[in-house]
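Going by the UniProt record's numbering, the sequence shown runs without a break in its numbering and finishes at 279.
These notes are about the structure you will find just below.
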Amino acid sequence: TTTTTTTPMTTRRTTGLIRLRRNAAIAADGDGASYADASGGSHEDAPSESMTEDEMKQLGFESATSTTTILQLLICAATAIAEPVLGSIDTYWVAWLGTTALAALGPNTCIFSSIIAVVAMHGIGTATTRSVAIALERDVIDKKRGGKGGFAGSTMVNVMSVTTAFGLACTAFLLLFSAQVVNFIGCSPEIVGIAAEYMRWRAIGVPAVIIIDVIAGACQSARDAKTPAAGILLAGVLNLIIDPVLIFTVGMGFNGAALATVIAQYASAIMLTWFPFKG
């Protein structure tokens, strides 16, 4: 006879998954009439309270320790440093152009960091993590019943459509009102022109930035730590290489730094988008 010891942490995690499994099943059914109600009623079609070993493996919890799980989620969340990394690279190269260009970089850093921190990471990215996690659980339940699943894929398509439209709207706003935004932040008159021009270049990359955050949120729900890390690495390396080429070799100057960042962002977004949808 084998005795299995369950730690409190494992119990809480499994209980949460069971609850998520039940809620997702109710959502998939529509009105929830075929499942256990909140008062404790039951039905013969109600999902089992215990999660099978195969289901646990599908969700990636069969052998994960708390430390491993935390590290995986930490790497996924590290996509938040992508913008500071790209901004630091730009700052290094722009500093060679003089104090005026460096001063014009300040308001742009403020604006684009705010878009990522307030709108993308803490809004869209967090919502994506929750939505995809529920969809993945619904896929497990549906496949157990003989279905084809596909809820996670449909969720990602919907989220990507909405966020791309939102990113394009942000781009249009910054292209049309770049000078007003720079003035609102508070800049000296001599740098408003070049700061606004830099902002118009960087605005082109806003959809890519939001897509990166959305994919990172989806990866976090699936505990995929490698994909977001690869995206950060790709963007950083490309920006580091392309910045001096566009600034000095091509002769674009300050705007070259903006274009290099946009290229790095779209390269990262394309790679991160390819990974979830390649299968």
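Don't be surprised by glycine CBs; every beta carbon is placed ideally from N, CA and C.
Identify whether phenylalanine 166 lies in helix, strand or coil by the three-state DSSP scheme. helix
For cysteine 187, which of helix, strand or coil comes out of DSSP? coil
Cβ of cysteine 170 within 7 Å of any chain D Cβ: No chain D appears in this structure, which consists of one protein chain only.
Spatial neighbours of alanine 195 within its chain, please: C-beta separation below 7 Å, excluding the five flanking residues on both sides. Ala104, Pro107, Asn108, Val182 and Cys187
Within a Cβ cutoff of 6 Å, which residues of the same chain sit near leucine 175, ignoring the five residues on either side of it in sequence? Arg200 and Ala203
Compute the distance between the beta-carbons of glycine 125 and glycine 205, then report whether it is under 7 Å. no
Am I right that valine 214 and threonine 163 are in contact with their C-beta atoms under 8 Å? What's the rounded C-beta distance? 5 Å
Straight-line gap, glycine 153 to glycine 251 (C-alpha atoms, nearest Å): 44 Å
Since alanine 267 and leucine 234 should fall inside the 8 Å C-beta cutoff, what is the C-beta to C-beta distance between them, to a whole number of angstroms? 6 Å
Nearest-angstrom Cα separation, counted from alanine 225 out to alanine 127: 18 Å
Closest Cα partner of valine 262 within the set Ala165, Pro207, Lys143 and Ala179: Pro207
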